[in-house]
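Asker:
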Amino acid sequence: MTPPEPPNPFPVTPLPGGARVGRFRLTTRKLPRLTNTPPKLRLRLRTKLVLAMVIAALIPVLIVALLATRVILTNLETGLRDDAQRQLTVGLNLVLRAVERLGDETVQLADSPNLSDALSRGTPALEQWLAKESSHVPSTRLQLFDDTGKLVLDRTLGGAEARFKNAGVMPDDPFVIAGRTWTRSVSIAQVGDQLVMRSVSPVVDASLTLRGVLVLSTPLDGDFADGIKGALAADVMIGGPSGRLAVTFRSGLGTRSEIVAIAADDLAAAIAGQRVIRDLDFATGQYKIAITALHDRGDRPVGVIGVALDREPLAATKTLAVRTLIVGGGGAIVFALVIALFWSRRLGSPIARLHRGAIAVSRGDLDHRIDVAGGDELSDLASAFNQMTGTLKENQARLAARMREIVALHDAGRAVSSVIDLDLVSRKIVDAVARTFDLQLAALWLVEGGALRTSAARARRTDVSIALAADDSLAAADALRSIADHVRIGRVPLRLVRAGDDTEWGEAARKAGAPGPLVALPLDRSRPGDSRQPRVVGVLAVGRAQDAREFSEADLNLLTTFADQAGAAVENALLYQEVRGASEELEKKVRLRTAELTAINTELGRALADLRDTQAQLVLSERMAGLGLLVAGVAHEINSPTAAIRGSIDGLPAALTRVARHGAELVARAPSTAAAITGYLESLAPTLAERPLPTTLTSRKTAREIAALLDAAKVEESTIVAADLADLGGTIEDAQALIAALGDHRGTAREAVSALTDHVYLHRTASTVRHAIGQIQRIVGALKSYSHLDQEATRIEADVHEGLETTLALMHHALRDIVVERHYGNIPRVPVYVDELNQVWTNLISNAQQAMQGKGTLTIETATDGDHVVVRVIDDGPGVPAEVLPRIFEAFFTTKPKGEGTGLGLGIARKIVDKHGGVMRCESVPNRTVFEVRIPGASTAGAEAGAREGAA
Amino acid sequence: MGRTVGGAILLVTVYAALVASCDSGAEPRYRRRDPGALVVAQATGPLKLDPVRVTDNESIEIGALLFEGLVRWKPGTTDVAPGLATRWEVSSDGRRWRFFLRPGVQFHDGTDFDAEAVVFSFQRLLDPKHPNVLGDDGRYWRSLLKSIIKVTAIDPTIVDIEVSQPYAPLLGNLAMFAIVSPTAVRRWGEAFRDHPAGTGPFGLETWIKGEHLIVRRFDRYWGKAALLERIVFRVVVDARQRLVELESGSVDLATSILPDEQAYVELHPDLLLHHTAGNDVSYLAFNMAKRTFSDVRARRAAAHAINKEPIVKLAYQGRAIAADGPLPPSQWAYHRPKQRYGFDPARARQLVEEAVKDGAFDRNAIYKLYAMSTPRPYLAQPERVARFIQAALDQVGIRTELIMQPYPEHRASLERGEHDLALFGWIGDTGDPDNFLFVLFHSDNSYGAAQNLAFYREPAVDKLLIDAQAASDEGARTRLYRQVQVKIAEDLPWVPIAHSEYVVAGRTEIKNVVLSPLGHPIYAAIYRRPPGPQ
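Taken in order, these protein sequences are the chains called A and B. Okay, so the first sequence: first residue is 1 according to my numbering, each after it adds one. Okay, so the second sequence: first residue is 1 according to my numbering, each after it adds one.
Rendered as structure tokens:
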């Protein structure tokens, strides 16, 4: 029996389809199935218990009963066999003693005085002798032969002549012959099928001269058996070699039973000298018989003797023993059953209560409590269960609270990212933080000119829960400036459990009215891994009331994330301010773009809101994290061209002035050719501006050729002019065109070339600005494409490559030190939620980038596999540790340092892939970590998605 | 689940085995004892287990298991075979015997058998100054070995025995002379008879006098190990009880079976009667020192007058053979003489007539026929036999007066030569014919307390007997003894009557029961048939 898998109380699954964020239920995969069959389970448990206990009682009882029966019966049987053996020994002894006695009688009779005399005197004397002697002789047949072997006397003593009719001997009998050689002998002889005991003794006179032979014979028949039966506690059977035995069995009327026949093989065994013991059933009853052979004097078997013991008492004892055992065994079973039922009830009801409790909890009823008394393991289990339920409930509540905070912060993040105005951003940051974390004080400082300026603050009065006026809040925040400075410089979050008690910061905290838990975080926009260019844009400080709960690790995580976003927003705003200040025209364009950005942000916010409605709030968090990352990239991307524009613009006024001056000079010095020169300048300048700048070597060579040409054309200052022209990238043809344009005013060549230089500069600047703006446009376009603002949040057929490229473009900045290899296969367009899928790519690429710590090779492969499109993002980073691999898609699971990741990314990515009916998996060995996403094609996607929704 | 079921099955099995083991333990044991043990019921127990002191039959019987001599008899015969000596030589003058001892033999007490032990065994008998001298108890053996002058150990494996004159019967005598452990004798002294230590195939394990004695197979025995592990000799005084125990199987062998019971044993399907010709003879001696039967015709007449068959059949219950000479047929020197005296009353009367006519026999005299009233091993019903002989002699004209006396008086009368005719007998002490013929017929033994009660003094026989003693070659001795037997048959100093048979009753499952000429089962060869199918 394997115990049911203990339900894992921690998996968190959002309710499918439109459930409100923050409502969770705990569930397991197995319990719902169990809930369908609780009565069956209970019954089975009880039955099992009863069965086990009954079996436990029954088996020993059965074994003991069987063995006891066997022992009793064996012993009875053995005893009976033994008794039969003994009776047979005694019976044999009695028979042989009778034979011996007959011999004694014969010797006594033969030795009796007067017999030899009587023999010589004839029959009357013999009769006389017999009359005198026979009185003490038992029933027997007496035969007397004279010394010649003639039978002289033949009498049956004791009457019953019929019995002795066949027992006698003839004169030529070996017995008689032996007697005539003085041999005394007793033996058992066969006469027909009857046994006769016979004794012979010579009759001698004093000189041992033979006078005759005396033979006594007695049949070993039923009467004989009767005679010895009295000394036995058994019936006697005796008979000849045919196995037909005369018996002493008596019927109720006292008549002897018929002769009994013994089985041939038993007879043979007995004759062979064994003692045969058998059960034998007669009409008169059931007997145990033992038989053995009777031998004659020459050790030849002549017949058998047997005893028969009544088996009735044995049968009665057997019945009694079996009955007693059955009754005893039955009693034991009943007793065991009663005990088993009692105990199964005692054990079963607490288990059932536990069971009901487990089912209740599995249904989400965390208020259920199990009441099991008894102080045994079951009650321990119940209290542990209750404790577990309580903990679950608590955890659920805490999780819900945490979710609410996250949601609030996301809202804040969205709000913050939607504004560009620095003050507004600051205020929103502070408001959002204060609202979310139930703060006494929230303050934001921004770095301006290397120092901190209190940008926004919110505070409550310490005595009552009323918000302070903005100025008072700012004043309170000012008190914490020292802490903020410390954090800015250290670039490390500061967390104080009780700020008021802190030796260093206590005073400042108390002064600020935030003596409780306090956290100050830098809004650090430094590039990850690059500590040489610290870029702290501000410091956010939050403090709680004196006795409020301290900031947890999770709070800190949230705050950090939020600080990242806030930093991005602040930086964005700062950037915006910078760009606006650069050029009116550009500012306009930038404003336009910023407006577009705002629109995008608004759009994004809307999309996020939609997402929030359709997905777990966690998605938002990641989305925002991704967005933050994106915004940072975007900012950088925009920043570079903006800087280029500004650089270009800086030189414009001087160049324009110079152009104007050259123009004036040219007009003044060579009015006739001014127009030609101007034409020349206008035609050549754009060409030169587009031309790549020549190398020094080329430039010198060209300069020499041009100089020669100019000398030939009598142009003044030919060397300088040639050098300038060559530096601009001019050719011989350009020099000839110049000579042509100069016409007669060869002296103005220098001014013309100077003017050309300025023109080319202007054109180049224009080109640069155009290029920079193009770049900005591209970024914005990519952003737009990424966010898919122009599309409905529906599933549309899209090119996966496009999404990947967009993502790569947006992350260009983060990937600047990474070689990106693309192995794109020929894949069809597949129906996807483009923006969500882009988030997946962002997440995977960002993960890869972080795993490689910014350096390495990122490979992106696409291929088709059946109906599926397969995308693999492969990095050559250190790999995912084996123990982490199974959990990598779990929510809140992160291996990144705190602040770098929410731990939600891959979980959300997977969920998105799931939503597409696709599969996401990860394989990792050092130097090769593959995240594979499989998305079903048009033909199967719908069906799969449908099936999944149905299953959920 | 599988493990639970497996465990349950294991538990049940163990439980069942446990209960079943109780069951088998509770089963009654019918095997009455160790099947490797043989139980022998004897009428009396042994007295002294020092074989040189021994006089009683049971001590000799058990002593034969514990001790060995330098030589021994081949089983069931009196032929001499190597024993503790592997071979021997006799010097040309016949006065020095050299025995080469068997190496690697141990006594039961763990000490080694060597020449020193042999010398010790002889010296405690022969040397009056020996610290362990046997004194009066050794009288009998001293007489048997009186020819020995000196026993010397040449080296640990060679012993020389010097005799005063060439004496061939020495070898037969040595077959029964036990070599004892000197260490044990020195340790126990007189009590050695209760703590015997020899080299025999069995060693003494327990001895509760008058109750039982147990010998155990000696594991370091040099020869073939006995088949039985133990032999228990129980004293069961009552003859009928011996038989009952034998019948019930609590005893395997029983000695001293009454003649009347023998028929019973023979008829019993579970019992067997084992018998062997005894090393004895019963005879009717004539007093040849008197004139009465000095004529050989009178002696021959008496011989023809006596029918030995009814004696054997009636007085010995058939457990004897009619004797035709002094030596039992089991003796190697036995010779059946041509001149025999069958039952022939007519010839007897004729011989009497002839003797009377010559004046060599007085028909009218009444001769004194002496007989013992006490039964002897060789003669169970002396009175009946005596009366029969009296009647038989009367038939041929030899009239006798029967004088019945208890054995000691009878013997004393005979030694004084009071008898004309006397019933007597002889049981051989050794397997050597010398022990019969020299003892019973040499003239040296016809004086004083000696065995030649016929007072037969024939120089020719004397010479033959002495020559036979001196002859070392058995063939030569056989020829010499044959001449003695022929001469004795001619001279007829007594009428040999019967050699008795020794009888032992045993159960049928006891196999290979062979009796020695002394009537003792040869225990080392006996085994029990395994119980067959029932």
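Note that beta-carbon positions come from the ideal geometry of N, C-alpha and C, so glycine has one too.
When the Cβ atoms of the segment 122-134 of chain A are set against those of the segment 151-158 of chain A, are three or more pairs found closer than 8 Å?
Answerer: Touching, yes.
Asker: In the structure shown, what three-state DSSP assignment does valine 721 of chain A receive?
Answerer: Helix, per DSSP.
Asker: Quick check: the Cα distance between histidine 274 of chain B and valine 40 of chain B, rounded to an integer number of angstroms?
Answerer: So the alpha carbons of these two residues sit roughly 14 Å apart.
Asker: How about alanine 340 of chain A and valine 50 of chain A: are their beta carbons less than 8 Å apart?
Answerer: A contact, by the Cβ cut-off of 8 Å.
Asker: DSSP three-state label for aspartate 299 of chain B, please.
Answerer: Note that residue 299 of chain B is arginine in the sequence shown, not aspartate. Helix, per DSSP.
Asker: Would you mind working out which of A:Val322, A:Ser767 and A:Arg101 sits nearest leucine 76 of chain A, comparing C-alpha positions?
Answerer: It is A:Val322 whose Cα lies nearest to the Cα of leucine 76 of chain A.
Asker: Against chain A, does phenylalanine 388 of chain B count as a neighbour if the rule is that its beta carbon must be under 8 Å from one of theirs?
Answerer: Yes, because at least one Cβ of chain A sits closer than 8 Å to the Cβ of phenylalanine 388 of chain B.
Asker: Considering only the alpha carbon of each residue, which of B:Glu190, B:Leu125, B:His304 and B:Pro326 lies closest to valine 484 of chain B?
Answerer: Of B:Glu190, B:Leu125, B:His304 and B:Pro326, the residue nearest in Cα terms is B:Pro326.
Asker: Let me confirm a value: alanine 231 of chain A is counted as buried when at least 16 other C-beta atoms fall within 10 Å, else exposed. Which label applies?
Answerer: Exposed is the call here.
Asker: Report the option in B:Trp141, B:Gly223 and B:Pro169 whose CA atom is closest to the CA atom of alanine 476 of chain B.
Answerer: Ranking B:Trp141, B:Gly223 and B:Pro169 by Cα distance to alanine 476 of chain B puts B:Pro169 first.
Asker: Please tell me whether isoleucine 779 of chain A and valine 634 of chain A are closer than 8 Å, where the distance is taken between their beta carbons.
Answerer: Their beta carbons are under 8 Å apart, which means isoleucine 779 of chain A touches valine 634 of chain A by this criterion.
Asker: On the DSSP bridge assignment, give the partners of aspartate 875 of chain A in chain order.
Answerer: Answer is A:Leu858 and A:Thr929.
Asker: May I ask which residues mark the beginning and end of the beta strand (DSSP E) holding valine 90 of chain B?
Answerer: That run of the beta strand (DSSP E) goes 85-90.
Asker: For the alpha helix (DSSP H) containing glutamate 383 of chain B, name the first residue and the last one.
Answerer: Per DSSP, glutamate 383 of chain B belongs to the alpha helix (DSSP H) from 382-395.
Asker: When burial is assigned at 16 or more other CB atoms within 10 Å of the CB, is histidine 268 of chain B buried or exposed?
Answerer: Looking at its Cβ environment, which holds 16 or more other Cβ atoms inside 10 Å, histidine 268 of chain B is buried.
Asker: Hey, how far is the Cα of valine 200 of chain A from the Cα of valine 107 of chain A?
Answerer: So the alpha carbons of these two residues sit roughly 8 Å apart.
Asker: Below 8 Å on the Cβ atoms is my contact criterion, and I expect valine 71 of chain B with alanine 81 of chain B to pass it. Report the Cβ-Cβ distance as a whole number of Å.
Answerer: Sure, about 7 Å apart at Cβ, within 8 Å.
Asker: Residues bridged to glutamine 190 of chain A by DSSP?
Answerer: Beta-bridge pairing links glutamine 190 of chain A to A:Leu195.
Asker: With 8 Å set as the bound, which would you pick, yes or no: does the beta-carbon of asparagine 307 of chain B sit closer than that to a beta-carbon of chain A?
Answerer: Taking Cβ atoms only, chain A reaches closer than 8 Å to asparagine 307 of chain B, which makes this a yes.
Asker: Since leucine 540 of chain A contacts alanine 509 of chain A with CB under 8 Å, what's their CB separation in whole angstroms?
Answerer: That pair is no contact at about 15 Å.
Asker: Taking the alpha-carbon of leucine 962 of chain A as reference, which of A:Ala499, A:Pro522, A:Asp734 and A:Ala415 has the nearest alpha-carbon?
Answerer: The structure shown does not extend to residue 962 of chain A, since chain A is modelled only from 1 to 952, so the question has no answer here.
Asker: Cβ closer than 8 Å: which chain A residues qualify as neighbours of glycine 318 of chain B?
Answerer: Residues of chain A passing the Cβ test: Thr183 and Arg184.
Asker: Tell me, which residues are paired with isoleucine 158 of chain B by DSSP?
Answerer: Isoleucine 158 of chain B is bridged to B:Phe100 and B:Asp155.
Asker: Quick one: grab the DSSP three-state call for threonine 255 of chain A.
Answerer: Residue state, collapsed to three classes: coil.
Asker: Measure the beta-carbon distance from tyrosine 761 of chain A to alanine 655 of chain A and round it to whole angstroms, keeping in mind my assumption that it falls under 8 Å.
Answerer: Right, the Cβ-Cβ distance comes to about 5 Å (below 8 Å), so this counts as a contact.
Asker: With a 10 Å radius around its C-beta and 16 neighbouring C-beta atoms as the bar for buried, classify glutamate 377 of chain A as buried or exposed.
Answerer: With fewer than 16 Cβ atoms within 10 Å of its Cβ, glutamate 377 of chain A is classed as exposed.
Asker: Consult DSSP for serine 648 of chain A and reduce its assignment to one of helix, strand or coil.
Answerer: Of the three classes helix, strand and coil, the one that applies to serine 648 of chain A here is helix, per DSSP.
Asker: Give a yes or no on contact between the segment 290-306 of chain B and the segment 349-362 of chain B, applying the rule of three or more CB pairs nearer than 8 Å.
Answerer: Yes: the two stretches touch, three or more of their Cβ pairs being nearer than 8 Å.
Asker: What residue range does the alpha helix (DSSP H) around lysine 338 of chain B cover?
Answerer: Note, lysine 338 of chain B: premise wrong, no alpha helix (DSSP H); not H, not E.
Asker: May I ask you to verify whether the segment 695-709 of chain A touches the segment 731-749 of chain A, counting CB pairs closer than 8 Å and requiring at least 3?
Answerer: Enough Cβ pairs lie closer than 8 Å, so yes.
Asker: Taking Cβ-Cβ distances shorter than 8 Å, what residues in chain B pair up with arginine 297 of chain A?
Answerer: Ala263, Glu266 and Leu267, listed in chain order.
Asker: Can you look up valine 513 of chain B in the DSSP assignment and give me helix, strand or coil?
Answerer: If DSSP states are grouped into helix, strand and coil, valine 513 of chain B belongs with coil.
Asker: Does the beta carbon of glutamate 541 of chain B sit closer than 8 Å to a beta carbon anywhere in chain A?
Answerer: Because chain B spans 1 through 534 in this model, residue 541 of chain B falls outside it and cannot be assessed.
Asker: Under three-state DSSP, which class holds glutamine 143 of chain A?
Answerer: Looking at glutamine 143 of chain A - three-state DSSP - the assignment turns out to be strand.
Asker: Would you please state the rounded distance, in angstroms, between the beta carbons of glutamine 469 of chain B and tyrosine 167 of chain B? I believe it to be under 8 Å.
Answerer: That belief holds up - the Cβ atoms of glutamine 469 of chain B and tyrosine 167 of chain B are roughly 5 Å apart, short of 8 Å.
Asker: For leucine 559 of chain A, is the classification buried or exposed, using 16 other Cβ atoms within 10 angstroms of its Cβ as the cut-off for buried?
Answerer: It is buried - the Cβ of leucine 559 of chain A has at least 16 other Cβ atoms within 10 Å.
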